[in-house]
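Worksheet: one structure, shown below.
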Amino acid sequence: MKIMVIDGNSILNRAFYGIRQLTNHEGLPTNAVYGFLATLFKLQDEEQPDRTIVCFDVKEKTFRHLKFDTYKATRKGMPDELVAQLPITKQVLDALGVTRCELAGYEADDLLGTISRRADEHGDTCVVVTGDRDSLQLVGGGTTVMLVSTRMGQTTYQTYDTAAFREKYGFDPIRLIDLKALMGDSSDNIPGVPGIGEKTAMQLLHDFGTLDGVYANIEDERIKKGARTKLQNGEQSAKDSFWLATIDRNVPLDLDVEHLPAQDIDETALYDLLTRLEFKNFIKRFDLSGESVSAPRLPELKTERVENVLEAFNLMDSLTDCDRVYAIVPETLGAVCLLDGDTAHILFAESFGDAWNDILRRLFDGTLSLVLHDAKAAVRALLQRGMDPKGIVFDTAIAAYLLDPTQSGYDLPRLALAYCNAELPELDLDDPAAVSLLGGQEDTEKAVAQHVGALRAIYAEAADRIEQLGMRKLYYEIELPLLRVLAEMEAAGCAVEPDELRAFGDKLDVRIRDLTEQIYHDADGEFNINSPKQLGEVLFEKLGLHAPKKTKTGYSTNVEVLERIAEDHPIVPRILEYRKLTKLKSTYVEGLLKVISPVDGRIHTHFQQTVTATGRLSSTDPNLQNIPVRTELGRELRRMFVAPDENHVLIDADYSQIELRVLAHISQDEHMIEAFRHGQDIHAATAAKVYHVPLEEVTPQMRSSCKAVNFGIVYGISDFSLAQDIGVTRKEAGEFIKTYLDTYPGVKKYMEDIKQTGREQGYVSTLFGRRRALPELKSKNFNMRSFGERVAMNTPIQGTAADIIKIAMVRVRDRLLRDGLQSRLILQVHDELILEAPKDEQETAMHLLTEEMEHAFQMDAPLVAEAKAGHSWYDAK
DNA sequence: CCAATATTG
DNA sequence: GGGAACAATATTGGA
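In structure tokens, the structure reads:
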């Protein structure tokens, strides 16, 4: 029999330091568990042991150190993050059916020694796996030691038997003990003989074989005089060290090595644990379906190709009476899959030629109740074909997002795994090759059938949970209608001035080239200015400037740092300007030019509806929510976003202080509400209260500090960051916050309450019932918990504001339609909506826009929106 | 693929 | 005793 014995502590440690930051949704660090399991599985695969045993230290003083109190170990404690992973590692091992072994007062290596000795006595072979070189003394007989070492992220495994050890070290493994007794080991707190180092120790062993041999021949001429004195003085220390270095191979361990139970996996427990740890690839490895835990696997579906038009229409007619019609509709609209009972009907565009548009039109004519996944892309495509898609009653991606907005993605295979424990194949119906008649269509058909089957199962579960969590209105009255609005906005796009954009870019280029040259001159040599690493070296080494801050990897060279040292050398302001200009050039000028549609010359962003944890939208390809505005030069870019012609204008309306108004409303703070009701400048009003002066006597500095606190409050303030922000001491900032909270006691109470309810419920929610789970609030880790608390304070505010503008968007769009106006929404930037309007509708549209925004929700601190019109975004703001 | 840096609300 | 502001996306350089 072959037994593998693993030093659990040593391997966990290695894994912990080898893999960076890995946490699951509970906020539990998982890097060590992960690395440990990866190592375990790899070794089991390669070594194929009959039995596996994992040994752990039981912390505190170990047996040997107790005996030698003077040499008490000052072992470095494990970091909290690693300790936190110990229990779950043991649980996983238990679930795996791996024998686990620990004994109070003994280190893992004593257990390894004992088990390997017993195995050896029974004639079994034993592989000891550890990262600790000391354990090499165990090599011999049937015992080999596999040394695991990690260098530069590369893990290597080296197996030693007696021969391999001799070859490398030139003596027998057991003599490692003698060696240590002589030379000591500082990392293990073994003193050895003071003054004897590795060289002398090796020579002594070479000459006399053992420690005892050395002392028996202490007068031998081969021992130099100095060494002899040291050895004589250190004799007791050497003997103690010998004892300390000896792994105890006779531990009173209650483990029958001959009758170890076979490894018996508890699939249910293992599945649950691995799910909790989010180790999906390990779940896969064991082919754990989770069947026994929850839902059954998805049923097999028949697939049927639909190839003639009549058949297609008949199918859709027959589906008209269905309660729900599950459909896979890819963005390219190159194929469609419809589920009817246990049959997945698949239609490929190329089978229908010109009739395909008629089929799509019929499908989306509003007579079928369609359940789709990620419908926005398809809706946008349909709109761009001049259709008016109707009948979408559910989108599983959006539903899953509402149920947990913090997931990293919501593609169908992922949801299928989460909701049905089903593995879905990759499917890319948007890839023309995949839908081509020529190749691989069998597989495509099967895959799409599985997808549509999963869609049905996910729908059933998700729709139910939306109800249970009280998100019906949020889902059906805000998010689902918004899907259509966003698709329309994306399809509409925004007109731009490519020539002016290029001209702007050329202007930047001239200046960038100029700066580059000067910077090279200042630095007395060329380097890559864009590389923070190289820049840091130039500034802080070559030029010897004082480095005020560091990052994990080196010098920090960000704006704050550079501004602080701007006076010290003329290169610094040039770098600051260089940074600003290259940012504008690469991200905005080049980035935007790249995404101008060749079809209509406009820019069509993609609004992501299932990304942010708070409920906000985001914008990608390109991101039109971070077009510069704060600096004059950057703001110039907004002149490039324009109304398409002289007969149109852009109308830009933004909410005034929406987040603070939401805070006032949610917290029901009388004073803050009053300030807003009176239409006061909230930062000035806050200053008047905090400083106890009349409103007229508030200085700009006072207002500015209070503005910073108002912002800070929304983010979950700390005295440290506020101090940094407004440039006072941490103590002053702390007192300032206190005064602020006394001024707005309702706010203070809200901040306290939300943390508590968040902790009790496990989540926080917006006024419209949008949720965000916050397991961090229960974390024992201060940083983690503090983050949870700030998020608990911020999410209801940011999220409610997001809900409100979403409502406004749906209403604005519906109202424009209802009133028969040509104006259309084209952009949203969190608290700002932008319309493209015919000039003759300008006044009407501006009025409509502000009205719908302000009336989107009745708050105690009333919503205020202000609109402005102009030819470009620059002019409209 | 991540870290650093920049841009926005 | 330290830690240390909320939410995003794009570009660049470098392991």
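Quick note: the first sequence uses our numbering, first residue 1, plus one each step.
Glycine included, C-beta positions come from ideal geometry on N, C-alpha and C.
query, result
"Using only alpha-carbon positions, find the residue among ILE658, ALA675, MET859 that is nearest to ASP831.", "ILE658"
"Note the first and the last residue of the continuous beta strand (DSSP E) segment covering VAL496.", "494 to 496"
"I need the straight-line Cα distance from PRO173 to CYS55, nearest angstrom please.", "22 Å"
"Going by the CB atoms, is the gap between ARG616 and ALA802 shorter than 8 Å?", "yes"
"GLN518: which of ARG574, ASP120, ALA566, SER556 sits nearest, CA to CA?", "ARG574"
"Could you check whether ILE328 and VAL452 sit closer than 8 Å to each other, using their CB atoms as the reference points?", "yes"
"What's the gap between the Cα of LEU37 and the Cα of LEU592?", "46 Å"
"Could you give the C-beta distance for ALA865 and ASP652, rounded to a whole number, given that I count them as a contact under 8 Å?", "Contact flag wrong, Cβ pair sits at about 10 Å."
"Cβ of ALA449 within 8 Å of Cβ of THR396?", "no"
"Jot down the residue ranges of each uninterrupted alpha helix (DSSP H) in the region 599 to 659, minimum 4 residues, whole runs only, in chain order.", "632 to 635"
"Taking contact to mean 3 or more Cβ pairs, one atom from each stretch, closer than 8 Å, check whether the region 45 to 53 and the region 93 to 100 are in contact.", "yes"
"Judging by CA-CA distance, which residue of ARG117, PRO87, VAL810 is the nearest neighbour of VAL5?", "ARG117"
"For VAL251, tell me which candidate among ILE529, ASP240, ALA104 has the shortest Cα-Cα distance.", "ALA104"
"Does the separation of the CB atoms of ALA399 and ILE466 fall below 8 Å?", "yes"
"Where does GLY878 land, buried or exposed, given buried means 16+ other C-beta within 10 angstroms?", "Within the shown structure, residues of the chain are numbered from 1 to 877, placing residue 878 beyond reach of any answer."
"Can you check whether the CB of ARG324 is closer than 8 Å to the CB of VAL379?", "no"
"Can you tell me whether LYS552 is helix, strand or coil according to DSSP?", "coil"
"Roughly how many angstroms separate the alpha carbons of HIS122 and ASP254, rounded to a whole number?", "16 Å"
"Go through its chain and collect everything with a Cβ distance to LYS390's Cβ below 8 Å, but skip five positions before and after it.", "PHE364, ASP365, GLY366"
"By DSSP, does LYS446 sit in helix, in strand, or in coil?", "helix"
"Let's test the definition: count the other Cβ atoms within 10 Å of the Cβ of GLY439 and tell me whether it reaches 16, buried, or not, exposed.", "With a pLDDT of 48 at GLY439, under the threshold of 50, the modelled position of this residue cannot be trusted; read the value that follows with caution. Exposed, by the Cβ-count rule."
"Below 8 Å, can you find three or more Cβ-Cβ pairs linking the region 401 to 421 to the region 769 to 776?", "yes"
"In whole angstroms, give me the CA-to-CA distance for MET702 and ALA547.", "32 Å"
"Is it buried or exposed, HIS678, if we count other Cβ atoms within 10 angstroms and call 16 or more buried?", "exposed"
"Quick check on HIS830: does DSSP put it in helix, strand or coil?", "coil"
"So, helix, strand or coil for ASP240, using DSSP?", "helix"
"Please give me, in chain order, every unbroken run of the alpha helix (DSSP H) with length at least 4 that falls completely inside the region 454 to 537.", "480 to 492, 498 to 523, 532 to 537"
"Within 8 Å, do at least three Cβ pairs link the region 486 to 502 to the region 635 to 649?", "yes"
"Is it true that the CB of MET751 sits closer than 8 Å to the CB of MET793?", "yes"
"Short check: CB of ASP430 to CB of GLU541, under 8 Å?", "no"
"How long is the line joining the alpha carbons of LEU848 and LEU486, rounded to whole angstroms?", "19 Å"
"Count the other C-beta atoms from every protein chain shown that fall within 10 angstroms of the C-beta of PHE242, then say buried if there are 16 or more, exposed otherwise.", "buried"
"Look up ILE53 in the DSSP assignment and give the residues it is bridged to.", "VAL5, THR99"
"For ASP354, which of GLY334, ASP411, ILE807 has the nearest alpha-carbon?", "GLY334"
"Give the DSSP-derived three-state secondary structure of ILE717 in the structure shown.", "coil"
"Under a three-way DSSP split, which group does ILE265 fall into?", "coil"
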